Structures are given as C-alpha cells and as structure tokens.
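To keep things clear, I will list the structure first and then write my remarks on it.
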Amino acid sequence: MKLIILAAPGAGKGTQAELLSKHFNIPTISTGAILRKNISEGTELGEIAGKYINDGKLIPDDVMIKVVEERLLESDCKNGFILDGFPRTIAQAEALENSHIKIDAVLTIEVPDEKIIERLGGRLECKNCGSTYHKLYRAPKTEGVCDNCGGKLETRADDKPETVKERLATYHEQTEPLKKFYADRNMLRVAHGREEIADTTAEVIKALQQC
Ligand code: AP5
Ligand code: MG
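Numbering that gives the first Met the number 0 applies: residue 0 is where the sequence shown begins, and numbers increase by one.
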C-alpha cells in the first residue's frame, strides 16, 4: 500500500497514520515530524524549516521535494508507505507524479475548522517518538508521559491559537486544491472525521476498501 493522507492541520493525519502503519506494517513518512526533528537537532534543514513552521507557512517546494525523494529511497519504503503531510502543493504533487512512484490512494479526512481548533488546543505530542495524544480524547495513561516510550509529552510550538489560524488559512489556499487534483485522477478516498478516534478509523478503513 502506497498511501497519501491529505487533510487539514489537526484533522487526524498523524493519529490515523499511526494506526494504519501498524495495520499494514509499513512506515509513515511524516514531513512535519522530519522537520521538527531537524529543528531540534539544529541541522541546515532545521534552520530553513524554523523560518516558516512557527508562522504556519509552508517550507519551499524544492526543499520538501528533495527531502521526500531521498526518504522514499530508503529500504523500509520498498513494500509501501504512508505519506503524512506530503504533497501539500500542486508543485509537490506534480513532482511525486513525475517520479513515477505509483500511489494507490489519497485519503482525505474531513473535519470542520471549529473542531480542528478545539483538537489542536488539547493536543500533546511525545518529544521522543512523536506519538500524539489529546487531553480529553486520547489521554495518556500517566499525565505528561508517553504510553509508547515513556517520553515527555509537550504542546507543539505551532499549536498556539494564532499559528493554528494561519496553518488553516495556508491549508485552504495551497493544499485543499489537491483534492481536485487527485479526484480528477480517480485516486481520492474520503473519510469523515468522527468524534471518536476509533470511529474515524472505521470510516478510514471503509474508504480504503474501495482501493
Ligand atoms: P505537520 O506536522 O504535518 O502538521 P499539520 O499538517 O498542521 O498537521 P498536524 O500534525 O497538526 O495534525 P494531524 O492531522 O496530524 O492531527 P493529529 O493526528 O495530531 O506539519 C507541520 C508544519 O511543517 C506545516 O505547517 C509546514 O510548515 C511544514 N510542512 C510539513 N510538510 C510540508 C510540506 N510537504 N511542504 C511544506 N511545508 C511542510 O490530531 C490532532 C489532535 O486531535 C490530537 O490531539 C489527536 O489526539 C486528536 N484527534 C485526532 N483524531 C481525533 C478524533 N477522531 N476525535 C477526537 N480527537 C482526535
Ligand atoms: Mg501530524
């Protein structure tokens, strides 16, 4: 399975990707996670990403295309992968199409903006392994501690209300047009984000059964 998850910030891409990755036994390539790791390690890529990410803007296409092309060449991707957060612009989608990697499906998870603002307001992320939690909807067993690895849970720097507003605007302007791009190629599968994570997963599995 070579799958793209294309959805708004906070729609549940990372949450569903984590579950699908276990289900299909394939890696998730989260461009956001790659960038955050580079920022925390102070690499050259991290320095570039830092200029955009906390303003809710997209990192330039040429930089992101190179990052993903290199990552997809790694051996763990040979039986499939889940792309979480790429492509995010028409230029990125065209670059992926021109690379002749055959994508099986593009999954979108529909969630209204008001719900997204509420979700991102309560999100916690593991500093160590990147697992995602929510103060109400997916609380960790021990407060502030990751169930998976024991790492420290933190609020993401770009989850400040003003940055979330900017990220949503960027999504609607630059990323949402990709739904038409993939619908025109008969690749788009739509799942409706539900109140419960498990109910959304059921929707996602149903949408992917059409593949
Ligand atoms: P990225 O890390 O991809 O962030 P994003 O797209 O803004 O998405 P999020 O990770 O915030 O949300 P998500 O959809 O994964 O939701 P989650 O599962 O956490 O990118 C960050 C930045 O990097 C971008 O803004 C950009 O600057 C840059 N970047 C990345 N890729 C790029 C690219 N290709 N080109 C250019 N720039 C790029 O869920 C959210 C919360 O809701 C969690 O707390 C979760 O527990 C909860 N939740 C999830 N599902 C449910 C449910 N069904 N019910 C209740 N709660 C739920
Ligand atoms: Mg995510």
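For every residue, glycine included, the Cβ atom is placed at its ideal position computed from N, Cα and C. As the structure is a computational prediction, the values presented were derived from the model and not from experiment.
For S20, the enclosing alpha helix (DSSP H) stretches over residues 12–23.
Apart from sequence neighbours up to five positions away, the residues of its chain that approach L187 with a beta-carbon distance below 7 Å are V105, T107, K178, Y181, ordered along the chain. The Cβ-Cβ distance between E153 and K134 does not fall below 9 Å.
Spatial neighbours of K140 in its own chain (CB-CB distance under 7 Å, excluding positions within 5 residues in sequence) are listed in chain order as D146. Following the DSSP letters along the chain, one finds L187 inside the beta strand (DSSP E) bounded by residues 187–191. For D54, the closest C-alpha among the options T200, D158, N185 is that of D158.
The residue from K77, K65, D75 with its alpha-carbon nearest to that of P86 is K65. For A156, the number of other beta carbons within 10 angstroms of its own is below 16, and it is reported as exposed. Residue pairing of A104 in beta bridges, as defined by DSSP: L2.
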